[in-house]
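**Q**
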Amino acid sequence: MSQRAVTTPKIELSSIYKAFNLGGRREAVLAGVDIIANAGEFVSIIGPSGCGKSTLLNIIAGLDDADAGIVQMDGDPSSMRLGSIGYMQQKDLLMPWRSVLDNTVLGLELHGLSKKQARLRALDLVETFGLKGFEKQYPLALSGGMRQRAAFLRTMLLDQDVILLDEPFGALDALTRVQMQEWLLELWESMKKTIILITHDVDEAILLSDRVYVLTARPGRVKMVLNIELPRPRDYKSVTTREFTELKSILLTTLHEENSMPAWGKLEETNK
Amino acid sequence: MRQRSSPVTIDRPGDMAGGQSSGLDPADGSSSRGQARGIGRYLVSLKRWAAPLLILIALLGSWELWTQLGDVPKWQLPAPSTIAQELVESRGLLWQHTQVTLLEVALGFVAALIVGLSLASGIAYSRILERSVYPIIIASQTIPIIAIAPLLLIWVGYGLTPKIIVVALIGFFPISVNTVDGLRSVDPDMANMMRTLGASRWQIFTKLQVPSSLPRMFSGIKIGITFSVIGAVIGEWVGASEGLGYLMTYSQPLFLTARVFAAIVVLSAMGIMLFVLATLVERLMLPWYHTEKRARSMERI
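As given, the protein sequences belong to chains A and B, one line each in that order. For the first sequence, this note's numbering assigns the number 1 to the initial residue and increments by one for each residue that follows. For the second sequence, this note's numbering assigns the number 1001 to the initial residue and increments by one for each residue that follows.
1. Less than 8 Å between the beta carbons of V1167 (chain B) and G1231 (chain B), yes or no?
2. Relative to the C-alpha of A1079 (chain B), which residue among B:L1094, B:L1059, B:S1090, B:G1092 is closest?
3. Spell out the partners DSSP gives K18 (chain A) in its beta bridges.
4. Could you check the C-alpha separation between S1030 (chain B) and A205 (chain A) for me, to the nearest Å?
5. Please classify V100 (chain A) as buried or exposed, where buried requires at least 16 other C-beta atoms within 10 Å of its C-beta.
6. Which residues of the stretch 41-62 of chain A have a Cβ closer than 9 Å to any Cβ of chain B? Give them in chain order.
7. Only counting runs of 4 or more residues, tell me where the alpha helix (DSSP H) segments fall wholly within the stretch 1121-1155 of chain B, in order along the chain.
8. Would you please verify whether the beta carbon of W1288 (chain B) is less than 8 Å from any beta carbon of chain A?
9. So does the stretch 163-171 of chain A actually touch the stretch 186-203 of chain A, counting three or more Cβ pairs closer than 8 Å?
10. Decide if Q1252 (chain B) is buried, meaning its Cβ has at least 16 other Cβ atoms within 10 Å, or exposed.
11. Contact check, I1175 (chain B) vs G1116 (chain B) under 8 Å by CB: the rounded distance?
12. Taking K192 (chain A) as part of the beta strand (DSSP E), name the residues at either end of that continuous run.
13. Between the C-alpha atoms of D1025 (chain B) and V1238 (chain B), what's the straight-line distance to the nearest angstrom?
14. Just checking: is the beta-carbon of P96 (chain A) within a distance shorter than 8 Å of some beta-carbon in chain B?
15. Under three-state DSSP, which class holds T199 (chain A)?
16. Closest to S1219 (chain B) by CA distance: which of B:A1139, B:L1069, B:R1283 is it?
17. Specify, as a first and last residue, the run of the alpha helix (DSSP H) that R147 (chain A) falls within.
18. Do the stretch 122-129 of chain A and the stretch 149-157 of chain A meet, that is, are 3 or more Cβ pairs less than 8 Å apart?
19. Looking only at C-alpha atoms, which of A:S44, A:R98, A:I70, A:T8 sits nearest to V214 (chain A)?
20. With a cut-off of 8 Å, does the C-beta of I11 (chain A) fall near any C-beta of chain B?
21. Taking the continuous beta strand (DSSP E) assigned at D124 (chain A), which residues delimit it?
22. Kindly indicate the opening and closing residues of the beta strand (DSSP E) around F42 (chain A).
23. Measure the Cβ-Cβ separation of G69 (chain A) and Y138 (chain A) and say whether it is below 8 Å.
24. Name the residues in the stretch 1172-1205 of chain B whose C-beta lies less than 9 Å from a C-beta of chain A; which are they?
25. Cutting at 8 Å between CB atoms, please list the residues of its own chain near L1286 (chain B), excluding the five before and the five after it.
Below you can see the structure in the form of structure tokens.
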């Protein structure tokens, strides 16, 4: 938040459009989305189901192309983003034939590091990621939270400046989710990476972010930008403060206008 | 009947693999019953094998009775006991020919493996190969191999080579088809995940497609290795001077029917052994796959 006026944004999306062929007809998914994430910022994107949030992340990551609009990284619209932006999806996507440790070093391995060197580097972080003692296990033997942390470590080990998180905690139970949010906060505060998070969880968005973008229902565009100026470091106690509650009610009201479904804290994701 | 059996079963290699592995894979059933341990586990597997064993014993028993009581001549249909006796008495002869057939199977299977896996990799990696070569491979399976075998004698002569070729021709197909299926059925999200980590097409192939295809590849190998035994026998029938297939064609006109049966018993024992061997190699190579299978079947309960 601090350096935003002067420096070039880390990631800047300008009027992103995207349409898909759905059942024979062309359906607009994104209709002019503008989003900025400065270096070291934590930005969340929140919106009703099917508003194209995952498509948006795919475009930022370079997995998919926008029909129109510009994506700039460090002010460069033609930068090679695929491979230089970390992307963690809701599914942990751990390879069942690799041990936990070997899963986490996948990125390093792809960049030409020997398995031995890569493992050494991962072992330094295994404790931070709460995986100590489970390095040699196959992913199947792990709990959901642990698998998610292993996927996190795999994403973080490459040391990419920008990390995209697509509902990383969506599949976890409420208690584990809270623990993981606090853990992510700590991690982010020490690593100073730019994070763009997609979430359905209003509490999660406010607790973690410097700025929250609310998208409209399909076709998605930015309905509101909300700066979260709560003091940091934050932890789960921040949720009960008056400022937090006010921000929450603003977000919920805005979301309510966009979605006819009455369940708020966590909306169902249908496009998975 | 034999020449027809290959295209028919080959049509649905996946199904066949499933049927075979659940039939001959004792760990499948015992694990699906959860944490059976010690005596409990032993009882469970006993229970599992009891029914097929009883049926087998009943069949052999009525066969024995039928031949004994009905005074069926030995050259027409020998009793199981006569066949067992023959197995013991001719063990030297049988062993000698078994070694020859086993060598043909081994060499032919290795050839099938090399050809099958190379074709599968090419087909899965290159769209051009998939469109051009794959249909031909599938169509080639309508050619009865037993009809080609005599031609091989004209082209490459007698000896080991034509047998290896027949075994390879029969064995490569289930291996390549199953491996192609395995290489193709990759989680697209996982491929995308690798691309965001900077993976090249080749790295996605070697580090994602190949390992995730291994279970299917082993299904193909298990079918292929069983077919290889049939291939060797066909090769020997057409023209050979040694091997169990030769022993059968040699003994049949002399009405040494018990010996023909003995050779059949040895051949099927060989097939079962090779299948079990392939299963063991699979377990050693894919420990994760069996943990996963066990965990899945526990979830089902």
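Idealized CB from N, CA, C, for every residue including glycine. It should be emphasised that the depicted structure is a prediction, and the values quoted were computed from it without experimental measurement.
**A** Walking through what the data contain:
1. Cβ atoms of V1167 (chain B) and G1231 (chain B): closer than 8 Å.
2. The residue with the shortest Cα to Cα distance from A1079 (chain B) is B:L1059.
3. According to DSSP, residue pairing for K18 (chain A) in a beta bridge involves A:L30.
4. Caution applies to S1030 (chain B), whose pLDDT of 39 falls short of 50 and renders its modelled position unreliable; the value that the coordinates give is listed next. The alpha-carbon atoms of S1030 (chain B) and A205 (chain A) are separated by roughly 47 Å.
5. Classification for V100 (chain A): buried.
6. For the stretch 41-62 of chain A, the residues whose beta carbon sits under 9 Å from a beta carbon of chain B are, in order, N58, A61, G62.
7. Counting whole runs of 4 or more residues, the stretch 1121-1155 of chain B contains the alpha helix (DSSP H) stretches 1127-1140.
8. Yes, contact with chain A.
9. At 8 Å Cβ cutoff, the stretches touch.
10. Burial check for Q1252 (chain B): the Cβ neighbour count within 10 Å stays below 16, so the residue is exposed.
11. Their Cβ separation, rounded to whole angstroms, is 3 Å, which keeps I1175 (chain B) and G1116 (chain B) in contact under 8 Å.
12. DSSP places K192 (chain A) in no beta strand (DSSP E); its state is neither H nor E.
13. With a pLDDT of only 39 at D1025 (chain B), under 50, the local geometry of the prediction cannot be trusted, and no value is derived from it.
14. Closer than 8 Å: yes.
15. Shown here, T199 (chain A) sits in a strand according to DSSP, grouped into three states.
16. Of all alpha-carbon atoms in B:A1139, B:L1069, B:R1283, the one lying nearest the alpha-carbon of S1219 (chain B) is that of B:R1283.
17. Annotation for R147 (chain A): the continuous alpha helix (DSSP H) segment containing it runs 144-157.
18. Yes, the stretch 122-129 of chain A is in contact with the stretch 149-157 of chain A.
19. For V214 (chain A), the nearest C-alpha among the options comes from A:S44.
20. Not one chain B Cβ lies under 8 Å of I11 (chain A).
21. Where D124 (chain A) is concerned, there is no enclosing beta strand (DSSP E), although the alpha helix (DSSP H) around it starts and stops at 115-126.
22. Looking at the DSSP string, the run of the beta strand (DSSP E) that includes F42 (chain A) is 42-46.
23. Contact flag unset, no.
24. Within the stretch 1172-1205 of chain B, the qualifying residues are D1187, D1189, M1190, N1192, M1193, M1194, R1195, T1196, L1197, G1198, A1199, S1200, Q1203.
25. Cβ neighbours of L1286 (chain B) within its own chain (closer than 8 Å, five residues either side excluded): L1214, P1215, F1218.
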